[in-house]
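Q: Here the sequence shown stands for residues 1 to 496, where the numbers follow UniProt numbering. Quick reminder that beta carbons are idealized off the backbone N, C-alpha and C, glycines included. Computed from a prediction, not measured in an experiment: that's the story for all the values here. Once you've had a glance at the structure underneath, I'll fire off some questions.
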Amino acid sequence: MKSLWQVLTNPDMRGPRWLRLPKRLISIRASILLVYLLVVGGGFYAIMSTMTQEIQPRYLESMEESLVDTANILAAQLEYSAEREGYSSDTIEQIFRRAYERRFEAQIYSLQKESVDLEVYLTDAKGIVLFDSSDRSNEGQDFSKWIDVSRTLKGQYGARATWTSRDGEKALILYVAAPVRIDGRIQGVVTVGKPTSYVNELIARAENRFELYVVVAGVAVLLLGALLSLWLTQPIKRLIAYANALRDGRNASYPRLFGIEANELGRAFEEMRLALEGKQYVERYVQSLTHQLKSPISGISGAAELLEGDMEEAERRKFLANVRKESERLRRIVDRMLELASVESRRALQNVETIDLSALLSEIVEAWEASARAEGIEIRIDGAKAEPIRGERFLVRQAIQNLLQNAVDFAPRGSVVLVTTEGRELRVEDEGPGIPDYALDKVTERFYSLVRPKTGEKSSGVGLSFVKEIMALHGGELEVGNREGGGACAILRFGK
């Protein structure tokens, strides 16, 4: 049966499409970013396009409003002059002649203005031009057909925009008219005109600034979209990293996820993993335990059958001793299996503390020294003082004791078991026969064991597997190999 992690992480395996996470992740992130850019970019473009189209009308409206004021002020001045001197263009003609002669420097924000560009013409009650500040040749002509004049003479609001040629260039001029009333009757029309060239310059500068703002905002939107897609897909990436770690046989803590939906997905994912992994673990556990129990059970069963018959007392004691030995072997197997199962079922350390590795090693060696000397073996500590580590003292003690037990079991009488420390590393070396090449990759597997030279028997085969699990919980590793000159070497490397 394929494991969940193989299905999740191997794109070649057939399975439901939603399980192909890595490939789906790319499409999810790209889809989120694409949809975000389409929605935000589309809305952004619509707003910017509308605002750009609105710039020129708003400027022209502001300009027209000022012309309305100017036209009515001039009309009021003409009405005042007409009450004293009669209705004529003399006053306004003198005003504009002097105005056009004036030179000044007015810095209006980014616009430099140096002369008056306002135009004005005055008509009588029939629309005949009495005065034109921009073109004296228009005087005497009939302007009654122009909409600004005709509507104003009818008592309505008169205004127009006309394209004309100025200095070889086309220019749009806005005209706004106001009635000149004498004794309550409209006696003429004064029209004020102004080219839009300065306004066009202001609009162009505003559009340039606007385009810069659009570029900056677009980059910001793009970055925000990338961050948003990354933020939304981060939980999936963490789950994939978690799955890959478990697939590779590394102990990994359940990832921290944010958001209600992400946590619900993570919980469902974890529950499914635990269910599948638990089922597979029970299957492997039962198979391994059955295999290990076969030999001692067969030994006990055979001895029991023989004990039912008649035999000499010496033979009976021999078979009873064999029963006791196999029973003890059964107990050891069960105890070690329970210890291993306890560690394998954990995903994180529990009672974590700072451990002085050198001090702990001295305690363990002191406790083992007597039994080792009884077998003619010396345990020697060497090397610099180890760095403190963070972990569970009980489990670290168990790991070191297992390595010492293995070293003493394989070390010949009169030899030395050397234990050295350096940084966050602990090394145990013996002078025994070493590990055969064919067994180097198997010695840390559950229930794999080599024959002990002193007894000719195998152990439970759980010790190094137990140590390997302990080191994985501590973010470290176990390395087992042979030393130069003969003997085995086991190294514990603790993570930071």
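Contact between the segment 370-382 and the segment 406-420 is defined here as three or more beta-carbon pairs at a separation below 8 Å; is this criterion met?
A: Yes, the segment 370-382 is in contact with the segment 406-420.
Q: Short check: CB of K194 to CB of M63, under 8 Å?
A: yes
Q: Using only the alpha-carbon positions, how far apart do L130 and E207 sit?
A: In a straight line, the C-alpha of L130 is about 41 Å away from that of E207.
Q: Secondary structure at V419, three-state DSSP: helix, strand or coil?
A: Looking at V419 - three-state DSSP - the assignment turns out to be strand.
Q: By the 10 Å Cβ neighbour count, where 16 or more other Cβ atoms means buried, how is D310 classified, buried or exposed?
A: exposed
Q: Under 6 Å Cβ to Cβ from S459, same chain only, skipping five residues before and after it: list those, please.
A: S449
Q: Considering S165, what are the terminal residues of the beta strand (DSSP E) in which it resides?
A: For S165, the enclosing beta strand (DSSP E) covers residues 159-166.
Q: Among the residues of its own chain, which have a CB less than 6 Å from the CB of R493, if the five just before and after it don't count?
A: E425, G476, E477
Q: Just to confirm, are E422 and R483 a CB contact at a threshold of 8 Å?
A: no
Q: Using beta-carbon positions only, say whether V149 and S133 come within less than 8 Å of one another.
A: no
Q: So, under 8 Å CB-CB, V365 and V419 are touching, yes? Tell me the CB distance rounded to an integer number of Å.
A: 7 Å
Q: From L37 to Y45, what does the alpha carbon distance come to, in whole angstroms?
A: Cα-Cα distance, rounded: 11 Å.
Q: Using DSSP bridges, identify the partner residues of L174.
A: A161, K194
Q: Following the continuous alpha helix (DSSP H) through R427, name the residue where it begins and the one where it ends.
A: Element bounds for R427: not the alpha helix (DSSP H) but the beta strand (DSSP E), 425-429.
Q: Check D248 in the structure and name its three-state DSSP category.
A: Correct three-state label for D248: coil.
Q: Evaluate the contact criterion for the segment 98-110 versus the segment 121-128: three or more CB pairs, one atom per stretch, below 8 Å.
A: At 8 Å Cβ cutoff, the stretches do not touch.
Q: With a cut-off of 8 Å, do at least 3 Cβ pairs link the segment 48-59 to the segment 141-158?
A: Output reads no: the segment 141-158 does not touch the segment 48-59.
Q: So R427 and I381 are supposed to be a Cβ contact under 8 Å. How far apart are they, rounded?
A: In fact, because the Cβ distance is near 11 Å, the residues do not count as touching under 8 Å.
Q: Quick one, which of S144, P453, G434, T455 has its alpha-carbon nearest G486's?
A: The residue with the shortest Cα to Cα distance from G486 is G434.
Q: Please classify Q350 as buried or exposed, where buried requires at least 16 other C-beta atoms within 10 Å of its C-beta.
A: Per the 10 Å Cβ criterion, exposed.
Q: If I measure Cβ to Cβ from R24 and keep anything under 6 Å in the same chain, skipping five residues before and after, which residues do I get?
A: Its pLDDT being 47, under 50, R24 is placed unreliably in this model, and the coordinates cannot settle the point.
Q: Closest to L67 by C-alpha separation, out of A178, F96, L464, Q141, would be which residue?
A: A178
Q: State the DSSP-derived secondary structure class of R102, mapped to helix, strand or coil.
A: Reduced to three states, the DSSP call for R102 is coil.
Q: Using the three-state DSSP reduction, which class does K325 fall into: helix, strand or coil?
A: K325 falls in the helix class under three-state DSSP.
Q: Give the single residue among L357, V396, I108 whose Cα lies nearest to the Cα of H474.
A: Of the candidates L357, V396, I108, the one whose C-alpha sits nearest the C-alpha of H474 is V396.
Q: Would you identify the three-state DSSP class for N351, choosing helix, strand or coil?
A: coil
Q: Identify every residue that forms a DSSP beta bridge with Q112.
A: Q107
Q: Only counting the same chain, and skipping five residues up and downstream in sequence, which positions put a Cβ closer than 7 Å to that of N72?
A: A178
Q: What is the residue span of the alpha helix (DSSP H) that A407 lies within?
A: 393-410
Q: T455: which of V480, P412, F466 sits nearest, CA to CA?
A: P412
Q: Can you look up L320 in the DSSP assignment and give me helix, strand or coil?
A: helix
Q: Identify, in the order they occur along the chain, each residue of the same chain with its Cβ nearer than 6 Å to the Cβ of E54, setting aside the five sequence neighbours on each side.
A: Result list for E54: empty, nothing under 6 Å.
Q: Tell me where the alpha helix (DSSP H) around R373 begins and ends.
A: 357-374
Q: What residue from R331, E328, A303 has the CA that sits closest to K318's CA?
A: Selected option, being the one with the closest Cα: A303.
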